[in-house]
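Residue numbers (the working numbering): 126 to 412.
A short worksheet on the structure shown next.
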Amino acid sequence: MQIRPYRLSQLTLEDFSLAGYSVAGEESVIIAPELDVAFDIGKCPREALTVNHVLLSHGHMDHSAGLPYYFAQRDFQGNEGGTALVPAGLVGPIERLLRAWGAVEGHVPPHRLIGMKPGDVYEIRRGLLAKTFPTNHLPGSLGFALVDVRQKLKEEFLGLTGPQIVELKKKGVEITNRIEVPLVAFLGDTGPADYASLPYVANAKVLLLECTFFDREHVSRARAGKHMHVTDLPKVLEGMDCERIVIIHVTRRTNMGLARKIMRKALPKDVLDRITFLMSRQHIEQD
Ligand SMILES: [Zn+2]
Ligand SMILES: [Zn+2]
126 MQIRPYRLSQ
136 LTLEDFSLAG
146 YSVAGEESVI
156 IAPELDVAFD
166 IGKCPREALT
176 VNHVLLSHGH
186 MDHSAGLPYY
196 FAQRDFQGNE
206 GGTALVPAGL
216 VGPIERLLRA
226 WGAVEGHVPP
236 HRLIGMKPGD
246 VYEIRRGLLA
256 KTFPTNHLPG
266 SLGFALVDVR
276 QKLKEEFLGL
286 TGPQIVELKK
296 KGVEITNRIE
306 VPLVAFLGDT
316 GPADYASLPY
326 VANAKVLLLE
336 CTFFDREHVS
346 RARAGKHMHV
356 TDLPKVLEGM
366 DCERIVIIHV
376 TRRTNMGLAR
386 KIMRKALPKD
396 VLDRITFLMS
406 RQHIEQD
């Protein structure tokens, strides 16, 4: 038996960082500590307990199994319950699941489930919104975009002094414009779809993009499971301006070294320069 360390891989960006583990059919969880969210919860690694929000894309076990553990463990550690934004159709089933666990364990931990439909917006904290959109995977499955809302001084007031600005504010003059800066877009599991037409996806600083399959023989698997095959990426990424594209949810059926090689042939250089694979690299490449 080979014992392999379980580690999250990390990616540090200008304003925030990401830590995660994502392998198709096994586990997907990506934590953004500064943004106080986890995108899917996988089997709930210890690090996921520190964030107050779980954004669940769909119910497949490799993405959702950790949710009851998340609430139970946070309760055990004396943290507040935490909030999970879940596809609206899953609120009932997850409630029943938590109650069943409660019967096993002795009590139901505090929890907050918010049912989300495509197009819904939830305020994670002041100035940080989670926007949802439909994905091409399961009925009701969701993608999430985290959007930073900033107030920017209008151009005509840029030269003013502090007291002058205060004076204008007192008079009730609108001195700022509201701008939305998309930070992360997470597509969950998905087959190809026109995501580039969603501005908060196409302009997100980071795109978390599943690409499950790479082998030519796996195209039919990708279609059947509504997943992305590497040959889908050129079209899906057309018109996307994301600074970083993080590939997640790669199958174990393909060796990572080979996946990288195939990826290099499939995409133009300007796109490749923005691509990173997020997963426990050592863990995978040993196989
Ligand atoms: Zn999956
Ligand atoms: Zn899935």
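Heads up, the beta-carbon is just placed ideally off N, CA and C, and yes, glycines get one too.
Predicted, not measured: the structure shown is a model, and the values here were computed from it.
Beta carbon of residue i nearer than 8 Å to that of residue j
i, j, result
"Gly268", "Phe338", "no"
"Ile370", "Leu332", "yes"
"Gly207", "Arg237", "yes"
"Leu136", "Ser142", "yes"
"Val179", "Pro158", "no"
"His262", "Gly184", "no"
"Met241", "Leu210", "yes"
"Glu305", "Val274", "yes"
"Tyr195", "Ala225", "no"
"Gly191", "Ile219", "no"
"Leu271", "Val361", "no"
"Arg389", "His343", "no"
Where residue i sits in the DSSP three-state scheme
i, result
"Phe141", "coil"
"Leu174", "helix"
"Ile162", "A quick correction: the sequence has Val, not Ile, at residue 162. Val162 falls in the strand class under three-state DSSP."
"Met365", "coil"
"Thr356", "helix"
"Ile300", "coil"
"Glu152", "strand"
"Lys256", "strand"
"Arg221", "helix"
Candidates the options, of which the one nearest residue i by Cα
i, options, result
"Lys168", "Glu151, Ile387, Leu160", "Glu151"
"Leu160", "Ala149, Ser153, Ala144", "Ala144"
"Leu253", "Val154, Pro359, Val309, Trp226", "Val309"
"Ala213", "Gly244, Lys279, His188, Leu283", "Gly244"
"Val229", "Lys256, Ile249, Pro193, Pro218", "Pro193"
"Phe276", "Leu397, Pro264, Ser266, Arg251", "It is worth fixing the name first, because residue 276 is Gln in this sequence and not Phe. Checked all of Leu397, Pro264, Ser266, Arg251; the closest Cα to Gln276 is Arg251."
"Gly265", "Val216, Glu363, Thr286", "Val216"
Neighbourhood of residue i by C-beta distance below 8 Å, restricted to the same chain and skipping five residues each side
i, result
"Ala347", "Gly316, Thr337, Phe338, Met353, His354, Asp357"
"Val375", "Ser147, Val148, Ala149, Cys336, Thr337, Phe339, Met381, Ala384, Phe402, Met404, Ile409"
"Asp200", "Gly206, Pro234, Pro235"
"Asp366", "Ala327, Asn328"
Close beta carbons around residue i, own chain, < 7 Å, minus the five adjacent residues each side
i, result
"Pro393", "none"
"Leu323", "Phe258"
"Ala349", "none"
"Gly364", "Ala321, Ala327"
Close-in-space but distant-in-sequence residues of the same chain around residue i (CB under 6 Å, 5 per side omitted)
i, result
"Lys330", "Leu308, Glu368"
Only counting runs of 3 or more residues, tell me where the beta strand (DSSP E) segments fall wholly within the region 311-340, in order along the chain. 331-335
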